[in-house]
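Okay, so here's the structure we're looking at.
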Amino acid sequence: MTSSYANAHRLFLQASMSERFFTETKAIEMYKKAYLANNVRRPTETFQEFIASINQKLNTIDMEIRKSHDETDGTPVWALVNTNGDEISKLVTEYTAVEISYFKHLIELIVTADYEEFSVSSITALREASKLKTSITKSAAESLLQKFVEDKWLILSKNGKYSLSQRAILELQVYLKETYEDNLIECTLCYDIITKGQRCDVQQCKSRFHHHCSRNYFASQTEKVCPSCKIAWKESNVIGEDNNNKSKGGSSRRKNKRATAVTREGDEEEEEEEEIEEVVAEEEDERDY
Amino acid sequence: MSSRSRRNRNINYDSEEEEAGPSKRTRGRQNNTETSRPVKRSRREPVESSDSSDSSQEELNIQSSSLADKTVKKMSTEELDRKVKEVVRLALACELRKVPLRREEVVRKVLADHSRAFPVVLSKAREKLSDIFGMDLVEMPTKEKPTSARRRVTKKENASAKSFMLRNTLPKKLREVNLINWDKNQELEKMGLLTVILSLIHVNGRILSDDQLNHYFRRLRLGDEPLNTTKLIATFIKQGYLNKQKVTAIENSRTSEKDPVEYRWGPRAKIEFSESSICDFIKGVYGDDALPDLPKQIERASGLEFKM
Numbered sequence: 060m061t062s063s064y065a066n067a068h069r070l071f072l073q074a075s076m077s078e079r080f081f082t083e084t085k086a087i088e089m090y091k092k093a094y095l096a097n098n099v100r101r102p103t104e105t106f107q108e109f110i111a112s113i114n115q116k117l118n119t120i121d122m123e124i125r126k127s128h129d130e131t132d133g134t135p136v137w138a139l140v141n142t143n144g145d146e147i148s149k150l151v152t153e154y155t156a157v158e159i160s161y162f163k164h165l166i167e168l169i170v171t172a173d174y175e176e177f178s179v180s181s182i183t184a185l186r187e188a189s190k191l192k193t194s195i196t197k198s199a200a201e202s203l204l205q206k207f208v209e210d211k212w213l214i215l216s217k218n219g220k221y222s223l224s225q226r227a228i229l230e231l232q233v234y235l236k237e238t239y240e241d242n243l244i245e246c247t248l249c250y251d252i253i254t255k256g257q258r259c260d261v262q263q264c265k266s267r268f269h270h271h272c273s274r275n276y277f278a279s280q281t282e283k284v285c286p287s288c289k290i291a292w293k294e295s296n297v298i299g300e301d302n303n304n305k306s307k308g309g310s311s312r313r314k315n316k317r318a319t320a321v322t323r324e325g326d327e328e329e330e331e332e333e334e335i336e337e338v339v340a341e342e343e344d345e346r347d348y
Numbered sequence: 372m373s374s375r376s377r378r379n380r381n382i383n384y385d386s387e388e389e390e391a392g393p394s395k396r397t398r399g400r401q402n403n404t405e406t407s408r409p410v411k412r413s414r415r416e417p418v419e420s421s422d423s424s425d426s427s428q429e430e431l432n433i434q435s436s437s438l439a440d441k442t443v444k445k446m447s448t449e450e451l452d453r454k455v456k457e458v459v460r461l462a463l464a465c466e467l468r469k470v471p472l473r474r475e476e477v478v479r480k481v482l483a484d485h486s487r488a489f490p491v492v493l494s495k496a497r498e499k500l501s502d503i504f505g506m507d508l509v510e511m512p513t514k515e516k517p518t519s520a521r522r523r524v525t526k527k528e529n530a531s532a533k534s535f536m537l538r539n540t541l542p543k544k545l546r547e548v549n550l551i552n553w554d555k556n557q558e559l560e561k562m563g564l565l566t567v568i569l570s571l572i573h574v575n576g577r578i579l580s581d582d583q584l585n586h587y588f589r590r591l592r593l594g595d596e597p598l599n600t601t602k603l604i605a606t607f608i609k610q611g612y613l614n615k616q617k618v619t620a621i622e623n624s625r626t627s628e629k630d631p632v633e634y635r636w637g638p639r640a641k642i643e644f645s646e647s648s649i650c651d652f653i654k655g656v657y658g659d660d661a662l663p664d665l666p667k668q669i670e671r672a673s674g675l676e677f678k679m
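Structure below.
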C-alpha cells in the first residue's frame, strides 16, 4: 500500500501548503529536493507515483494535489485543493469576511458576464464595492483588487479587465461548480472549466477549447474543423474578454445579473423566471439560425 | 522553583484576588473540579514549565478513559472518521491563519452532541496529522496570566478554554531545507523582526518592558516603516507569539514607574522556537566576533532556571 509514504512526502506536502499554487517545474523541483533532503539520491517513486501516494493520504481528509493547465499559456500547474466545499474549508483563507464577500461578488460578475466574456471591467468591479452589505470604500476596494491579483486569485488584463486566475479555477472548483452550475462551461477536449479559449463559429454548437487544448488537438488533425459540426474552426473566435460574440448576436446569458448565489437565498421564484427567460432566449437564437 | 516564576505566581494570585467574580481564574477552585466528572478533571493545571507536549500527551491518555470511550462507542465508525477528518481540516485552517484551535470551537463546529468524545477524536486527529503532514497537534501552554481576551473565554468553563496548535515534527534538518515559501505577505521580514524581539526578551531575563522594547526599536531604526511595528506586535500577540501583561504593583516597585506593560514569550513562540534556536540566532548575529562563552552569557542574561 502506502508503505513508501515517508518524510519526503510530508516535506513536499508542507511545502505545497505554503505555496498552495505552483507550476509543474516548481513541483518537480520540490519533489527532487524533498528526496535529497532525506539523503535519497535516487527517488524511490516517480513524480507521478509520488503525487499519487500523497493524494491517497490526502483523500482521507478531502484534499488533493491537483493538476491543471494555465488557460492563458497552457503551462502545467498544480495546487493543493479542498475537494469538498464545506464550511470548514471556507475558513482556509487569510481574508476577512467582508473581503471574501467582495470576492464572491466579483466571481459572480465574472462568471455571469454576458457573451462568455468571463471578465469584469475595473470600473464595474469598483462600483460593486459599494453594493456590499458592509460596503467598502473605493480606495480600499482598489488595494483589495490589487491583493487579489498579487495572491493570484484574479488576473488583470492590459485592457483593465479582471478575470479568474487558474488558481481560483482550481481551488474554488467545488464552490464554482456548486454555485454557478448553469453559467460555467467546460472545455470539450479536457473537460476542465474554461473561461478563456476558443469557440465554434456556429452559435448553437457547444464546442469550446482552451487555447492550449486547441493547439494540441489540431496538431494531430488533418483538417481544422469543429469535431462536432465539422465547420471550419477559427482561432479568432474566442471566449474571454473583448470577444466578438456580441457583434455576432450571441445570447446574453443572464438578463438579470444581480440575482444569483450571493444574494440568492430565498428567491427561487426569481430564479425560475430567469431560467424561463433563458430558454426563450435560446429558442430565439435557434430561429435566427 | 525559580524566584521569578514564584513571583509570577504571586502576581497571578494577586490579580485574581482583585478580579473576583465570574472571570476569576479557578486556581482556587481546582479542588472542586478534581472531584467532578473525569472530562472536567483533566483540565490542565496552570503549567509551571513550558513542556506542553509531554504533559498534554499524558493528559490525553488519562482523558481517553471510560466516559469518552462510551461516547465513542455510540458513534459509528464512519461518523468517528468523519469527525476526525473535520478536526484535521479545522486544525489546518486555523494554522494557516495562525489562530489557535480552541476546544470550544471543535465541540461547536464538529462534535456537537458528542463533546465527550473530544479526547478520542483529538488523539485520532493527531495520528492523522502526524502521518500525513509530519505535524503534531499540541496544546498551547497557559502558564502566563491570561490576557483580558482569554479571560472572557475562561469565564465559561476552563476545559473549553484549552487551545491547540500544530507543531512541525519533521527532523530539524528537513525543516531547514529551503522548500517552504516565506516570501508572501512579507512573511520573512515579519518572522525576522519576531526573532529579534524574542531574542531581546530572552536576554533581558525573559521579560521586556514596553519602554525597553521601544528603545531597542529606536536603536534599530524601526518605526512604522518598512514594517508597522505597533501593528505587528498586536498581530504577534494575537497569534500567540508574544504575551503582553500589565505590570502590577509588586512588579512596579522593582522597575521604573512608567513601565505599564511588559512582554514575554507567548505560547506559540514556546512551541515554534526553542532556547537553542534563539541562541543560534544570536550567535549568527555576532558572526565571527562571537566569544566562546557567548552561550553561557546568553544563559546568564536569560536567568538560568527556565527550561525549554
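Chains as they are written, first to last, in this note's numbering: chain A, 60 to 348; chain B, 372 to 679.
We put the beta carbon where it would ideally sit given N, CA and C, even for glycine.
Helix or strand or just coil, what does DSSP make of proline 135 (chain A)? Three-state result, proline 135 (chain A): strand.
What are the boundary residues of the beta strand (DSSP E) that includes phenylalanine 607 (chain B)? Note, phenylalanine 607 (chain B): premise wrong, no beta strand (DSSP E); alpha helix (DSSP H) at 600 to 610.
To which residues does DSSP link aspartate 507 (chain B) through a beta bridge? Beta-bridge pairing links aspartate 507 (chain B) to B:Arg538.
To the nearest angstrom, how far is it from the Cα of leucine 467 (chain B) to the Cα of serine 534 (chain B)? So the two alpha carbons sit approximately 15 Å from each other.
Which chain B residues sit within Cβ distance under 8 Å of leucine 350 (chain A)? Here chain A covers residues 60 to 348 and nothing more, so residue 350 (chain A) does not appear.
Once you ignore the five residues that flank asparagine 114 (chain A) on each side, which residues in its own chain have a CB closer than 8 Å to its CB? Within the same chain, and ignoring the five residues on either side of asparagine 114 (chain A) in sequence, the residues whose Cβ sits closer than 8 Å to its Cβ are Glu123 and Ile124.
Are the beta-carbon atoms belonging to valine 458 (chain B) and valine 491 (chain B) less than 7 Å from one another? Contact: no.
Roughly how many angstroms separate the alpha carbons of glycine 576 (chain B) and leucine 662 (chain B), rounded to a whole number? Cα to Cα, glycine 576 (chain B) sits roughly 20 Å from leucine 662 (chain B).
Straight-line Cα distance separating leucine 508 (chain B) from glutamine 232 (chain A): CA-to-CA, the gap between glutamine 232 (chain A) and leucine 508 (chain B) works out to about 29 Å.
Proximity below 7 Å, CB of arginine 258 (chain A) to CB of asparagine 296 (chain A): Result yes, Cβ atoms of arginine 258 (chain A) and asparagine 296 (chain A) sit closer than 7 Å.
Contacts that lysine 116 (chain A) makes with chain B (C-beta to C-beta distance below 8 Å): What lysine 116 (chain A) touches in chain B: Asp502 and Ile503.
Close Cβ partners of threonine 105 (chain A) (< 8 Å) along its chain, the five nearest in sequence each way excluded: Excluding positions up to five away in sequence, the list is empty.
State the Cα-Cα distance for the pair lysine 289 (chain A) and threonine 131 (chain A), rounded to the nearest angstrom. Between lysine 289 (chain A) and threonine 131 (chain A), the C-alpha separation is close to 26 Å.
Could you list which residues in chain A have their beta carbon closer than 7 Å to that of valine 459 (chain B), in chain order? Per Cβ cutoff of 7 Å: Ile120.
Output the distance between the C-alpha atoms of methionine 89 (chain A) and leucine 70 (chain A), rounded to the nearest integer angstrom. Cα atoms of methionine 89 (chain A) and leucine 70 (chain A): separation of roughly 9 Å, rounded to the nearest angstrom.
Counting C-beta neighbours from all protein chains within 10 Å, is the total for arginine 712 (chain B) 16 or more, i.e. buried, or is it exposed? Residue coverage of chain B in this structure runs from 372 to 679, which leaves residue 712 (chain B) outside it and unanswerable.
Pairwise C-alpha distance: lysine 544 (chain B) and leucine 95 (chain A): When only Cα atoms are considered, leucine 95 (chain A) and lysine 544 (chain B) end up about 12 Å apart.
Using a C-beta cutoff of 7 Å, does methionine 60 (chain A) count as contacting chain B? Low local confidence applies: a pLDDT of 42 at methionine 60 (chain A) is under 50, so the model's placement there is unreliable, with the coordinate-based value given in what follows. Cβ-Cβ to chain B under 7 Å: no for methionine 60 (chain A).
Span of the beta strand (DSSP E) holding arginine 258 (chain A)? Counted as a single uninterrupted DSSP element, the beta strand (DSSP E) harbouring arginine 258 (chain A) occupies residues 256 to 258.
For asparagine 97 (chain A), is the classification buried or exposed, using 16 other Cβ atoms within 10 angstroms of its Cβ as the cut-off for buried? Of the other Cβ atoms in all chains shown, 16 or more fall within 10 Å of the Cβ of asparagine 97 (chain A); this residue is therefore buried.
Does histidine 68 (chain A) come out as helix, strand or coil in the three-state DSSP assignment? In this structure, histidine 68 (chain A) counts as helix in the three-state DSSP scheme.
Cβ-based neighbour list, cysteine 249 (chain A), same chain, cut-off 6 Å, excluding 5 preceding and 5 following: Result list for cysteine 249 (chain A): Cys272, in chain order.
Taking the continuous alpha helix (DSSP H) assigned at methionine 122 (chain A), which residues delimit it? Looking at the DSSP string, methionine 122 (chain A) is not in any alpha helix (DSSP H); the run it does join, the beta strand (DSSP E), is 122 to 128.
Please determine, among B:Lys445, B:Phe644, B:Asp452 and B:Met506, the residue with the shortest C-alpha to C-alpha distance to glutamine 73 (chain A). Closest by alpha carbon: B:Met506.
Below 9 Å on C-beta distance, what does lysine 456 (chain B) contact in chain A? The contacting residues are Thr119, Ile120 and Asp121.
Does any CB atom of chain B fall closer than 7 Å to the CB of asparagine 98 (chain A)? Judged by the 7 Å Cβ criterion, asparagine 98 (chain A) is not in contact with chain B.
Chain B contact residues for glutamine 351 (chain A), given Cβ-Cβ distances below 8 Å: Outside the modelled stretch of chain A, which goes from 60 to 348, sits residue 351 (chain A), for which no answer is possible.
Where does valine 632 (chain B) land, buried or exposed, given buried means 16+ other C-beta within 10 angstroms? Its Cβ having fewer than 16 others within 10 Å, valine 632 (chain B) is exposed.
With a CB to CB cut of under 8 Å and the five nearest residues on each side skipped, what residues in its chain are close to alanine 672 (chain B)? For alanine 672 (chain B), where only same-chain residues beyond five positions count, the Cβ hits under 8 Å are His573, Val574, Asn575 and Gly576.
Curious, which full-length beta strand (DSSP E) runs of at least 3 residues does the stretch 221 to 273 of chain A contain? If we require 3 residues or more, the beta strand (DSSP E) runs fully inside the stretch 221 to 273 of chain A come out as 256 to 258.
Measuring only the C-alpha atoms, how far is arginine 538 (chain B) from proline 471 (chain B)? Our two residues, arginine 538 (chain B) and proline 471 (chain B), have alpha carbons roughly 12 Å apart in a direct line.
Assign serine 570 (chain B) to one of three DSSP states: helix, strand, or coil. In the structure shown, serine 570 (chain B) adopts helical secondary structure according to DSSP, grouped into three states.
Anyone know if the C-beta pair for asparagine 218 (chain A) and threonine 171 (chain A) falls short of 7 Å? Not in contact: asparagine 218 (chain A) and threonine 171 (chain A) (Cβ atoms no closer than 7 Å).
Say whether chain B places a C-beta atom closer than 7 Å to the C-beta of glycine 325 (chain A). Only weak support is given to the placement of glycine 325 (chain A): the predicted model assigns it a pLDDT of 40, under 50, and the question is left unresolved by the model.
Go through its chain and collect everything with a Cβ distance to glycine 299 (chain A)'s Cβ below 6 Å, but skip five positions before and after it. Leaving aside the five residues that flank glycine 299 (chain A) on each side, the residues in its chain whose CB is nearer than 6 Å to its CB run, in chain order, Phe177 and Lys255.
Considering only residues of the same chain and omitting the five flanking positions on each side of arginine 79 (chain A), which have a CB-CB separation below 7 Å? Here the set comprises Ala138 and Leu139.
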